[in-house]
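Undergrad: I am attaching a structure below and will ask some questions about it afterwards.
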Amino acid sequence: MTDPFDVLAIAADIRQGRRSAVSVMTETIAAMQVRDTSINSVTRIFGPRAVGEAEQIDRRLTAGDDPGPLAGVPFGVKDLFDVAGEVTTAGSVVLRESPPAAHDATVVARLRAAGAIPVASLNMDEFAYGFATDNAHYGITRNPHDTARLAGGSSGGSAAAVAAGLLSLTLGSDTNGSIRVPASLCGVWGLKPTLGSVPREGAYPFSASLDVVGPFAGTLDGLRVAYEVMAGGPMPELPAASDLRVAKLGGWFGSNLSDALAGAIDAVAAHLGGLETVELPEVARARAASFLITAAEGGTLHLPRLRRHALRYDPATRDRLIAGALLPSATLVQAHRFRGWFREQVHALFRSADVLIAPATVGEAPPVDQPTIVVDGQVVSARANLGLYTQPLSLAGVPILSAPLLGTGGLPLGMQLIAAPGREAALFALAGALARAGLVGRVPLPAVKGR
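Heads up: the sequence shown begins at 1 in full-length UniProt numbering, then just goes up one per residue.
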């Protein structure tokens, strides 16, 4: 039986005639209809049209045509990506009556051209504002590893669908950590590419200065192929992992994390021969600047609609957007000026290191009924603070791969692998070496709990 988490194995089975694209699609839809009821990762299934596209893939293969490297692979999209003929709601009811998208988002079109088939839209925090996927309109997405826990956000539906084995490939967006946080908490692979390297056209915006779109996948090879398709071409040849200079981020990134997470990262460092610990200056200010830029740009974007439909927004989203719209312009200018300085500090670290490692979250997924984490001894909201380690790095525009850690003895925990702009190949090289060593990889679901 084909591994339901393996993008490339599914495509190989279809291309080589061991399974039809239609059978894969109908099984995928049936699984979502039955198994997602306890997770709530899916907001809409594109059933008949997805089956129809699968039939086209089968006909092309019968005719001897090559549908592409992802032939017949079903994939899901965070509900802010346009899929032609479907309404893009961005997790809101405000956009529910909007006309259907006239065209696919660019990355959706590229995946479709490679043979993959969009089958579902996936749950998210409203307008991507949050780290919990606690949506007042579409419900909470629960963690497949323990359904009493959060999946993280804002791309929580995308991460949970992969973790549950419903889909092997999904799309998300990352402004302040919305791919990295849920990938970590759900134990799957996720990639935030270099800012500007993957087109955002057809993805509903949040913060134009920080938004990035990227994939989640059940395998590292599947993540790589999906990224290359989305980016419009293959990466350079991967460097030898043994040639990479790796350092560990300390300071801000070495405080507040759980003992289990600290131990797992130390195990990675030990495997790599002991790593130099480096620190970034002014990380707290970097996180504050990221907050301010996001709030101001998001608030300005939504202000016209807020004036007309404020009561149709999730109150938690609405209030933060209004606050952002009211920020003085001088504050935003100052935040961007600091962003330029901080980006230089991050880039300077790559003069002596090819890859940096850091935690992705402070620990395991918080409970749904008590969505809080502890930061500096204070209990704070998970929805606003799960990006403690991801937000500062967003300012630098660098590529970051979220790698699920193995052997932690509990719920999933994740690690960020960080490289200089355009150096995604280094991230995949190091992740591959760590996976072969058994230190990282998709975290298997428990046999009973949360199922």
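Just so it is clear, CB atoms sit at the ideal spot from N, CA and C, and this is done for glycine as well.
(1) Select from G115, G47, G85, V83 the residue whose C-alpha is nearest the C-alpha of G65.
(2) Under a three-way DSSP split, which group does N385 fall into?
(3) Quick check on this structure: which residue in G68, G72, E364 has the alpha carbon closest to the alpha carbon of R19?
(4) Residues in its own chain within less than 7 Å of H103 by CB, not counting five upstream and five downstream?
(5) On the DSSP letters alone, give me the boundaries of the alpha helix (DSSP H) that L220 sits inside.
(6) Determine the closest residue to residue 454 out of L195, L61, A330, with distance taken between C-alpha atoms.
(7) Compute the distance between the beta-carbons of E55 and V22, then report whether it is under 7 Å.
(8) Determine the extent of the alpha helix (DSSP H) in which M25 is found, giving its start and end residues.
(9) Do you know how far the Cα of P304 is from the Cα of I322?
(10) Give the C-beta separation of F338 and A289 to the nearest angstrom, bearing in mind that I take them to be a contact with Cβ-Cβ under 8 Å.
(11) Compare the C-alpha of L272 against each of G441, I357, A9, L411 and name the closest.
(12) If you reduce the DSSP assignment to three classes, tell me which class G414 lands in.
(13) Return the first residue and the last residue of the beta strand (DSSP E) that A403 is part of.
(14) Report the residue from S168, V229, D174, G187 whose alpha carbon sits nearest the alpha carbon of P144.
(15) Which residues share a DSSP beta bridge with S209?
(16) Compare the beta carbon distance of G299 and A335 with 7 Å and say whether it is the shorter of the two.
(17) Heavy atom of the ligand COA less than 6 Å from the Cβ of Y138, yes or no?
(18) Let's see if you can read the secondary structure: which residues bound the alpha helix (DSSP H) around A9?
(19) Do A365 and L185 count as a contact pair if the criterion is CB distance below 7 Å?
(20) In chain order, what residues of the same chain have a beta carbon less than 6 Å from the beta carbon of F342, not counting five sequence neighbours either side?
(21) Kindly indicate which three-state DSSP category L249 falls into: helix, strand or coil?
(22) So, with DSSP's three-state summary, where would you put P69?
(23) So what does DSSP say about E55, is it helix, strand or coil?
(24) Write down the C-beta distance between P100 and V108 rounded to the nearest angstrom, noting that I regard them as a contact closer than 8 Å.
(25) With DSSP collapsed to three states, give me the class of residue 489.
(26) Sorted by chain position, which residues of the same chain lie with C-beta nearer than 7 Å to N40's C-beta, five sequence neighbours on each side aside?
(27) Please name the residue, chosen from Y389, A382, S38, that lies closest to G414 on a Cα-to-Cα basis.
(28) Report yes or no: do the segment 203-222 and the segment 164-178 share at least 3 C-beta pairs separated by less than 8 Å?
(29) What are the start and end residues of each continuous beta strand (DSSP E) run of 3 or more residues lying completely inside the segment 256-307, in chain order?
(30) Does the contact criterion of 3 or more C-beta pairs under 8 Å hold for the segment 403-418 versus the segment 371-388?
(31) By DSSP's criteria, V440 is part of a beta bridge. Which residues make up the other side?
(32) Once the 5 residues before and after G130 are set aside, which same chain residues still bring their CB inside 8 Å of it?
(33) Whole-angstrom Cβ separation of I400 and K192, contact assumed at under 8 Å?
(34) Could you check if L150 is buried or exposed, using at least 16 other CB atoms within 10 Å of its CB as the buried criterion?
(35) Work out the CA separation of L80 and S207 for me, nearest whole Å.
(36) Excluding the 5 residues flanking E53 on each side, which residues of the same chain have their C-beta closer than 6 Å to its C-beta?
TA: Taking the coordinates as given:
(1) In the sequence as presented, Gly is not what sits at residue 65; that position holds Asp. Of the candidates G115, G47, G85, V83, the one whose C-alpha sits nearest the C-alpha of D65 is G115.
(2) helix
(3) G72
(4) D82, A84, G202
(5) 220-231
(6) Outside the shown range of the chain, which is 1 to 451, sits residue 454, and nothing can be said about it.
(7) yes
(8) 21-35
(9) 11 Å
(10) 5 Å
(11) I357
(12) strand
(13) 400-404
(14) G187
(15) Bridge partners of S209: none, in fact.
(16) no
(17) The ligand COA is not part of this structure, which contains no ligands at all.
(18) 7-15
(19) yes
(20) A286, L395
(21) strand
(22) coil
(23) helix
(24) Their Cβ separation, rounded to whole angstroms, is 14 Å, which puts P100 and V108 out of contact at 8 Å.
(25) Outside the shown range of the chain, which is 1 to 451, sits residue 489, and nothing can be said about it.
(26) N123, G139, I140, T141, R142
(27) Y389
(28) yes
(29) 276-278
(30) no
(31) L405
(32) G153, S154, A316, T317, R383, A384
(33) 5 Å
(34) buried
(35) 13 Å
(36) I117
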